[in-house]
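Please read the structure below before turning to the comments.
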Amino acid sequence: MNSFETFEPVRFDRSLTRETLDSLMTMLPAESRLSPEILSSWLTEDLYGAGATGGLLLDSEGRFMESSPGVEAHAIGFISDEQLMQIFQQRFANTPTRAEMSLLKSLLANRTLREISAETGATYETRRTQAKALLTKSGLSRQSELLTIMSALAATNISARRKDTADAGRIADETTGRLFGDAGRLHNLTMSSGRKLFVMDVGPSGGRPIIVMHSTFLPFYPMPDQVESFDRLNVRILMPLKPGYLGTPVHAGDGLDNMETFARDVADFAKTFNLSEAPVISHTIGVFAALKLMAHSPRHSKVVLFSPTYISKPHEQVPGFMSEAIRLAGKSSKAMIGALGLLVRMMSLVDAFRGSFRKIYAGSPPDLAILNSQDRVVREVIRTATQSLPGLANDHALMQADWIPLIPDDAVNIKIVFGAHDPHCDYRSALSRIENAFVRYEVVEDFGQISAIFEPEFTTLQTLSR
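Using the numbering used here, the first residue of the sequence shown is number 1, and each one after it goes up by one.
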């Protein structure tokens with residue numbers, strides 16, 4: 001049985017990374033370049049892991065929890081360490097140390113000094129000294145008063161940012177209108193979790209619904225010039241926007257935790273609108289969202305995974321610059337968003353954008369043919385990417401994850417459609433590891449990674465057939 005070779009968690013070579021960034025900068029017009037100081041700031045310790053922050057989660061009962069894998073999906077809000085620090089500074093005009101802020105977070109999560117000492121290995125006296133320092137910097141005399149004030153300010157901060165989702169919906173709404181006109185609609189929903197979910201709705205309103213988990217660089221489907229195909233097929237596409245795309249809110253947690261939270265909300269959406277048996281399709285990296293959805297909404301009539309991303313041998317399957325980007329995303333989403341911002345500047349030069357993607361799809365004639373013939377799509381990819389950096393960073397982190405363990409053991413409704421030329425799916429290795437005998441698959445010749453997105457009839461027939 002073939003193994004899944006992960007991206008090595010090695011420390012980044014900052015000099016090499018700086019050379020790469022400098023090289024990218026030379027491809028940009030002078031007025032679009034970033035200063036050497038900004039580039040250097042991306043390579044500091046804070047961006048590369050040592051300063052990684054966890055923040056606090058707020059649950060539906062108003063309790064704070066320290067952020068950790070597995071609890072994000074139950075939270076209704078998140079506040080980062082940086083935001084907590086800003087709140088303290090603005091309220092008390094003083095700056096706590098990192099150790100003092102770590103203690104304050106634990107106290108806000110309703111843990112005692114003795115519990116914190118036991119868990120961290122620091123002495124009780126050390127923690128008590130840090131607590132006194134926090135009181136001194138706040139100008140307060142009682143710990144309970146400090147925690148009451150900080151809890152209220154943190155909750156207010158979360159609430160204010162949740163209200164800002166209306167503006168996030170504006171970007172997605174404008175994109176839907178621009179791409180699809182009267183054939184497209186955007187639903188701005190508040191789920192039972194209290195989180196927002198934005199769903200693109202394209203095609204005849206009375207058509208047969210299909211739920212779509214979208215890919216990385218194409219957070220819209222169908223292609224604008226293919227809408228008539230779905231009218232003819234009487235199919236209605238419902239595409240929930242993944243967190244961080246087109247200005248939508250980003251959930252706390254890493255790539256998989258983010259998809260878990262998203263999948264819970266999509267399952268809630270499916271149940272609320274009587275879509276629990278509607279077929280589901282995914283494109284490329286959307287495979288994680290589709291399989292996570294099955295854990296919470298298992299009755300869908302069919303789940304078709306088109307060209308699922310499966311990079312089992314990164315050194316063979318992706319160019320060096322992309323491999324480094326994926327590793328960077330797994331190490332620090334903040335650094336990845338910064339690097340993607342630079343790449344988006346480069347992408348605004350369409351020829352440079354096409355050049356980088358020709359390297360990615362060098363061994364896939366079907367993908368190259370699409371890339372060379374779809375001028376409008378290329379420009380829309382660039383435009384939506386500039387508004388989706390957090391989502392792109394999260395998806396890049398997912399590219400080093402493994403979706404095969406997410407396949408339910410008893411699922412009988414899954415079909416996988418592999419592209420014979422797909423550079424980002426080692427389908428032979430993937431098939432050797434799938435143990436569920438009920439999973440059906442098909443390897444399609446003259447089919448690449450993005451082919452399914454441009455063949456609506458094929459995609460629909462695969463989804464609606466028995």
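For glycine and all other residues, C-beta sits at the position ideal for the given N, C-alpha and C. This one's a predicted model, so the numbers in the text were calculated from it and none came from an experiment.
If you compare the alpha carbons of Ala362, Ser373, Pro240 with that of His424, the shortest gap goes to Ala362. In the three-state scheme derived from DSSP, where H, G and I count as helix and E and B as strand, Tyr310 is classed as strand.
When the five nearest sequence neighbours on each side are left out, the beta carbons in the same chain lying within less than 6 Å of the beta carbon of Thr384 are those of Pro219, in order along the chain. Taking 8 Å as the cut-off, the beta carbon of Met150 is found closer than this to the beta carbon of Leu108. At the C-beta level, Phe288 and Leu256 come within 8 Å of one another. Of the residues Glu145, Glu66, Pro298, the one whose Cα lies closest to the Cα of Ala270 is Pro298. Thr463 and Leu291 have their C-alpha atoms spaced approximately 16 Å apart. The count of Cβ pairs closer than 8 Å, one atom from the stretch 196-214 and one from the stretch 235-251, reaches three, so the stretches are in contact.
Taken through DSSP and simplified to helix, strand or coil, Met101 comes out as helix. Take Asn394, set aside five residues on each side of it, and the residues of its chain with a beta-carbon closer than 6 Å to its own are Gly244, Gly255, Asn258, in chain order. For the options Ser451, Val266, Gln226, Ser432, the alpha carbon positioned closest to that of Pro366 is the one of Ser451. Here Gly169 is buried: its Cβ has 16 or more other Cβ atoms, across all protein chains shown, within 10 Å. Relative to the Cα of Ala437, the nearest Cα in the group Ala430, Val417, Asp426, Asp410 belongs to Asp410.
Listed in chain order, the alpha helix (DSSP H) elements of length 4 or more contained wholly in the stretch 245-310 are 255-272, 287-296. Checking the DSSP bridge columns, you'll see Gly184 partnered with Val202.
The three-state secondary structure of Arg91, taken from DSSP, is helix. For Tyr441, the enclosing beta strand (DSSP E) has its first and last residue at 440-444.
Shown here for Ser117: same chain residues with a beta carbon closer than 7 Å to its own, the five before and five after excluded, namely Thr123, Tyr124, Arg127 in chain order. Between Ile281 and Val212, the C-beta spacing is below 8 Å. Judged by pairs of C-beta atoms under 8 Å, the stretch 397-413 does not touch the stretch 225-233, as fewer than three such pairs exist. Residue pairing for Thr190: DSSP places it in a beta bridge opposite Lys196.
Closest in alpha carbon position to His283, among Phe273, Ser276, His296, Thr309, is Thr309. Listed in chain order, the non-local C-beta contacts of Pro224 below 6 Å within the same chain comprise Leu179, local neighbours out to five positions each way being set aside.
In this structure, Val444 places its C-beta atom within 8 Å of the C-beta atom of Gly419. In this structure, Pro209 lies near Leu275, with their beta-carbon atoms less than 8 Å apart. Residue state for Leu57 is assigned as strand, using DSSP reduced to three classes. Counting other Cβ atoms within 10 Å of its Cβ, Leu461 stays below 16 and is therefore classed as exposed. Pairing Gln374 with Asn157, the inter-Cα distance amounts to about 43 Å.
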